[in-house]
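These notes concern the structure reproduced below.
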Amino acid sequence: MTDIPGLSVRELARQVAQRTLSAQAVARAYIQRIEAQEAVLHVWQYFDAAQALAQARGIDAAGGAAGPLAGVPVAVKDVMDTADMPSGYGSPIYAAHRPMVDAAAVAAVRAAGGIVLGKTVTTEFATFKPGPTVNPRSPRLNEPHTPGGSSSGSAAAVAAGMAPVAFGTQTAASIVRPASFCGIVGYKPTFGTLPTAGIKPLSPSLDTIGVLTRRVDDAAFFVGILTQREFVIEKAGSLRVGVCSTPYWDSATPASRQALGDAARLLEAAGATVADAVLPQACDNLADVQSAIMSYEASLAYVPEYRTRPNDLSEPFRAVLAAGASVGGARYAALQVQAEQGRHALAALFDRFDVLLAPSAPGEAPAGLASTGDPIFSRMWTLLGNPCVNVPVGTGRAGLPIGVTVIGPRWRDEVALSAAARLEHAVGAR
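Residue numbers (our numbering): 930 to 1359.
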């Protein structure tokens, strides 16, 4: 009997298109996983098994013409609009919100034959107030651990085998950090790769749509279909790797530092040329720049909610808005200039290296659900817009996963994905 949840995204789509598997059988396999675990993990903001099966029946009726993602179940973060499901954005203000149309990326999934399984829990407006989702790696421990955020439910859904692929969004660290905490692949593409139409905006110059998957190839295949690009994964050839401790190295735990060192050694043993990469001075304080830009843009984007429903905004979110209101337009413009200078300076570093390696998070997932963890190690890369791929590499003291980020040049996502796939293979072979 076929182990459906064990199949790759590519293989699921192939077998459904060739009718060796039915989309309904695929949907049922994942529904069974959801129903067995949801009471403990609290992954889903909205899930309706009958609705998922109805989509699957339509795909089976279309046969081989269903599309290149035929029958692939996809979890959708609840900051993305769905015409047939509520979209609450993690806020009581939008508890009854029913969009008229899908977000562009969701519409692309449906057009390609994918199944929209449901909506996964997000933090409030993709910021800092956590939802109820539990890290699937931690129920065996004495207390639950955060799955990270803001793509909390999406990361947990993939880690728990409830979905083979899930949408996430990243404005600071909301794909890479939960991927690291949950021990899965998180791919934040080059800024602008996937359309943000139909996403509740937080910071338009930073908001980036990406995916969480179990394998690097799953992420490359899925995003390639949606963007009409083929991300060819190069498994051989020269690879120049720069190990980048970043200006925030003091925030890294010993386990995170070891994971970065292990990743470098594994790639070197696999034939890569590895050397330390010193970031240009223009990158020194870009985490602060990202934070200020994000807060400023959020303070403008959420004027309606603040004026009409201030009591329904959490204290952490009101703090973001207050910080943004203090920035001012002149400083915001100067910050954007600083970000451009950082992009230019980093591009020169990629003349020496094909990819960079950096920590994904300070360490393993913190205990408890009061916080989603520190975004410090991803803020800079999100601001710069480079493609980033989290690869699980090690574990922390509690036995929870720790990842490493592979960073590539802007608009050369296939380079980052190829290096990430090599690291993934090396980790699996050790």
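C-beta atoms are modelled at their ideal positions from N, C-alpha and C, and glycine is treated no differently.
Original post:
Based on Cα-Cα distance, which residue from 1187, 1305, 1231, 1267 lies nearest to residue 1330?
Top reply: Position 401 of the sequence shown holds residue 1330. If we check each option's Cα against that of residue 1330, 1187 comes out closest.
Subject >> Burial state of residue 1266 (16 or more Cβ within 10 Å) >> reply: Taking the sequence shown and counting its residues from 1, the one referred to as residue 1266 is at position 337. Its Cβ having fewer than 16 others within 10 Å, residue 1266 is exposed.
Original post:
So residue 1153 is in the alpha helix (DSSP H); what residue range does that whole segment cover?
Top reply: Start at 1 with the first residue of the sequence shown, and residue 1153 comes out as number 224. It spans 1145–1156 - the alpha helix (DSSP H) in which residue 1153 sits, taken as one unbroken run.
Original post:
Considering only C-alpha positions, which residue in the set 1171, 1223, 1185 is nearest to residue 1201?
Top reply: Taking the sequence shown and counting its residues from 1, the one referred to as residue 1201 is at position 272. Ranking 1171, 1223, 1185 by Cα distance to residue 1201 puts 1171 first.
**OP:** Output yes or no for whether 8 Å exceeds the beta carbon distance between residue 1000 and residue 938.
**Re:** Translated into positions along the sequence shown, residue 1000 becomes position 71. Translated into positions along the sequence shown, residue 938 becomes position 9. No; because the gap between Cβ atoms is not below 8 Å, this pair is not in contact.
Original post:
So, helix, strand or coil for residue 1319, using DSSP?
Top reply: Taking the first residue of the sequence shown as position 1, residue 1319 is located at position 390. Reduced to three states, the DSSP call for residue 1319 is strand.
**OP:** Determine, using beta-carbon pairs with one atom in the segment 1309–1320 and one in the segment 1114–1121, whether at least three such pairs fall under 8 Å.
**Re:** yes
Subject >> CA-to-CA distance, residue 1231 to residue 1053, given in whole angstroms >> reply: Against the sequence shown, residue 1053 aligns to sequence position 124. Against the sequence shown, residue 1231 aligns to sequence position 302. About 12 Å.
**OP:** Keeping to the same chain, check which residues put their C-beta closer than 7 Å to that of residue 1086; ignore five residues upstream and five downstream.
**Re:** The sequence position of residue 1086 within the sequence shown is 157, counting from 1. Counting only Cβ-Cβ distances below 7 Å, and skipping sequence neighbours, we find 972, 1004, 1049, 1092, 1095.
**OP:** Check whether the Cβ atoms of residue 1164 and residue 1281 lie closer than 8 Å to each other.
**Re:** Position 235 of the sequence shown, counted from the first residue, corresponds to residue 1164. Position 352 of the sequence shown, counted from the first residue, corresponds to residue 1281. Not closer than 8 Å, so no.
Subject >> Any 3 or more C-beta pairs closer than 8 Å across the segment 1139–1151 and the segment 1288–1305 >> reply: no
Original post:
Taking the C-alpha atoms as reference points, what is the distance between residue 1391 and residue 1065?
Top reply: Outside the shown range of the chain, which is 930 to 1359, sits residue 1391, and nothing can be said about it.
**OP:** Helix, strand or coil for residue 1205, going by three-state DSSP, please let me know.
**Re:** For this step, residue 1205 is matched to residue 276 along the sequence shown. Correct three-state label for residue 1205: strand.
Subject >> Counterpart residues of residue 1330 in DSSP-defined beta bridges >> reply: Within the sequence shown, the letter at position 401 stands for residue 1330. Beta-bridge pairing links residue 1330 to 1324.
Original post:
So, using beta-carbon positions, are residue 1034 and residue 1141 closer together than 8 Å?
Top reply: The residue you call residue 1034 lines up with position 105 of the sequence shown. The residue you call residue 1141 lines up with position 212 of the sequence shown. No, the Cβ-Cβ distance between residue 1034 and residue 1141 is not below 8 Å.
**OP:** Give the secondary structure of residue 947 by DSSP, where H, G and I count as helix, E and B as strand, and everything else as coil.
**Re:** Numbered from its first residue, the sequence shown carries residue 947 at position 18. Of the three classes helix, strand and coil, the one that applies to residue 947 here is coil, per DSSP.
Original post:
Got a sec, what are the start and stop residues for the beta strand (DSSP E) residue 1210 sits in?
Top reply: Counting from one through the sequence shown, the residue named residue 1210 turns up at place 281. Looking at the DSSP string, residue 1210 is not in any beta strand (DSSP E), and its letter there is neither H nor E.
Subject >> Of the residues 1056, 1037, 992, the one placed nearest residue 1300, counting alpha carbons only >> reply: Here the question's residue 1300 lines up with position 371 in the sequence shown. With distances taken between Cα atoms, residue 1300 lies closest to 1056.
Original post:
Is residue 1094 helix, strand or coil by DSSP?
Top reply: The sequence position of residue 1094 within the sequence shown is 165, counting from 1. Residue 1094: strand per DSSP, three-state reduction.
Subject >> Beta-bridge partners of residue 1009, as assigned by DSSP >> reply: Along the sequence shown, one-based indexing puts residue 1009 at 80. According to DSSP, residue 1009 bridges with 1128.
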